[in-house]
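K.L.:
Structure below; questions to follow.
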Amino acid sequence: MPAEARPEAPPAPYLPGERIVEVSHIRHEIAKHMVQSHSITAHVTAIVEVDMTSVSNQRSKVKETFKQREGFSLTYLPFVAKAAIDALIAWPIVNARFVDEQHIALHDYVNLGIAVALEEGLIVPVIKNAERMNLVGLARSMHDLADKARTGRLTPDDVTGSTFTITNPGSFGSIIQTPIINLPNVAILSLELIQRRPIVIDEAIAIRQMVYIPLSYDHRLIDGAVAAQFLSRIKHNLETWDFLPDLASYM
256 MPAEARPEAP PAPYLPGERI VEVSHIRHEI AKHMVQSHSI TAHVTAIVEV DMTSVSNQRS
316 KVKETFKQRE GFSLTYLPFV AKAAIDALIA WPIVNARFVD EQHIALHDYV NLGIAVALEE
376 GLIVPVIKNA ERMNLVGLAR SMHDLADKAR TGRLTPDDVT GSTFTITNPG SFGSIIQTPI
436 INLPNVAILS LELIQRRPIV IDEAIAIRQM VYIPLSYDHR LIDGAVAAQF LSRIKHNLET
496 WDFLPDLASY M
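Quick note on this note's numbering: the sequence shown kicks off at 256 and runs consecutively.
Right, dumping it as structure tokens:
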């Protein structure tokens, strides 16, 4: 005889001052996705500190003209995305996914998920073949997808197929977060708040534009050494690259 089903527990009584509201569909789906990611993957987070002074100076040279011509602001996110795409090409294991327990898929392209905050929760539209774009192309794609997300115009194709994700909690003042991997990706990068901070350069104190950039990764596939090298590549790119050739028409 099958065991009798246990009766469902009665709902908890309301407490004084509480309002009971229904969880939105998008929040329900986010909750399921986050719990699934955390239960399946071996989450680890590594963090690198990056001097963004060079990027800040280059951005300052073009930001006014860029906004006048494009109609939106040039943020730091496309710079970080460009630097990360280069690192993903160098370390394709960070741009992979599990097919099953014995197989992984390595991608010859970068479909870059960009987390967009909506009132009801996060959504992650995808820039397809982001490795083919220059800095301006990335900035335009980010703006267009974010606008579509906030106006409810995203298509199913806009939100599927990501191979790597970047989130930007720094735009809301976050200094350090440890983001949860966006399955089926095996890693997610977080751009935190860029702040003027004192650091030591050549035995002297200097005020620089500094940021923490965390990478949460699946330790089943990515070792700590690979994560550290991947972050070091991003750090090197942001601190040394000349982005102005991509922005020459705005100078």
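Where is the CB? At the ideal position from N, CA and C, for every residue including glycine. No experiment lies behind these values; they were computed from the predicted model shown.
1. From I435 to P271, what distance separates their C-alpha atoms?
2. Please check the pair I285 and L361, which I expect to be a contact at CB under 8 Å, by giving their CB distance rounded to whole angstroms.
3. So the candidates are V349, P424, N312 and A394; which of them puts its Cα closest to the Cα of E494?
4. Report the rounded CA-to-CA distance for P333 versus D413, giving the unit in angstroms.
5. Excluding sequence positions up to five away, which residues of its chain have a Cβ less than 6 Å from the Cβ of W496?
6. Using the Cβ count rule (16 or more neighbours within 10 Å means buried), how would you classify N384?
7. Start and end of the alpha helix (DSSP H) containing P333?
8. Pull up the distance between the alpha-carbon of V365 and that of S417, whole angstroms please.
9. Smallest Cα separation from P439: which of H288, V278 and V371?
10. Rounded to the nearest angstrom, what separates P469 and A394 at their Cα positions?
11. Report the start-end ranges of each beta strand (DSSP E) in the region 389–413 that is 3 residues or longer and not cut off at the edges.
12. Roughly how many angstroms lie between the CA atoms of Y269 and I275, to the nearest whole one?
13. So, under 8 Å CB-CB, L400 and I421 are touching, yes? Tell me the CB distance rounded to an integer number of Å.
14. Among the residues of its own chain, which have a CB less than 7 Å from the CB of A345, if the five just before and after it don't count?
15. With DSSP run on the structure shown, which of helix, strand or coil describes I430?
P.N.:
Well, looking at it:
1. The residue you call residue 435 lines up with position 180 of the sequence shown. The residue you call residue 271 lines up with position 16 of the sequence shown. Taking the straight line joining both Cα atoms gives about 34 Å.
2. Walking along the sequence shown from the start, residue 285 turns up at place 30. Walking along the sequence shown from the start, residue 361 turns up at place 106. Actually they do not touch by this definition, with Cβ atoms about 28 Å apart.
3. Taking the sequence shown and counting its residues from 1, the one referred to as residue 494 is at position 239. When only C-alpha atoms are compared, the closest one is N312.
4. What you label residue 333 is simply residue 78 of the sequence shown in a count that begins at 1. What you label residue 413 is simply residue 158 of the sequence shown in a count that begins at 1. Per the coordinates, the alpha-carbon of P333 lies some 18 Å from the alpha-carbon of D413.
5. As a working mapping, residue 496 is identified with position 241 in the sequence shown. The beta carbon of W496 is closer than 6 Å to none in its chain, skipping five residues each way along the sequence.
6. Here residue 384 corresponds to residue number 129 of the sequence shown, with the count starting at 1. By the 10 Å Cβ count, N384 comes out exposed.
7. Taking the sequence shown and counting its residues from 1, the one referred to as residue 333 is at position 78. Unbroken alpha helix (DSSP H) run through P333: L332 to A345.
8. One-based indexing of the sequence shown puts residue 365 at position 110. One-based indexing of the sequence shown puts residue 417 at position 162. One Cα belongs to V365, the other to S417, and the distance between them is close to 8 Å.
9. Taking the sequence shown and counting its residues from 1, one reaches residue 439 at position 184. In terms of CA proximity to P439, H288 leads the group H288, V278 and V371.
10. Counting from one through the sequence shown, the residue named residue 469 turns up at place 214. Counting from one through the sequence shown, the residue named residue 394 turns up at place 139. Cα to Cα, the separation comes out at about 21 Å.
11. None, since the region 389–413 contains no complete beta strand (DSSP E) of that length.
12. The count along the sequence shown starts at 1 and reaches residue 269 at position 14. The count along the sequence shown starts at 1 and reaches residue 275 at position 20. If you take the alpha carbons of Y269 and I275, they lie about 8 Å apart.
13. Here the question's residue 400 lines up with position 145 in the sequence shown. Here the question's residue 421 lines up with position 166 in the sequence shown. With a Cβ gap of about 12 Å, L400 and I421 do not count as contacting.
14. If you number the sequence shown from 1, residue 345 lands on position 90. For A345, the CB contacts under 7 Å within the same chain, skipping 5 residues up- and downstream, are R488 in chain order.
15. Your numbering for residue 430 matches position 175 in the sequence shown. I430 falls in the coil class under three-state DSSP.
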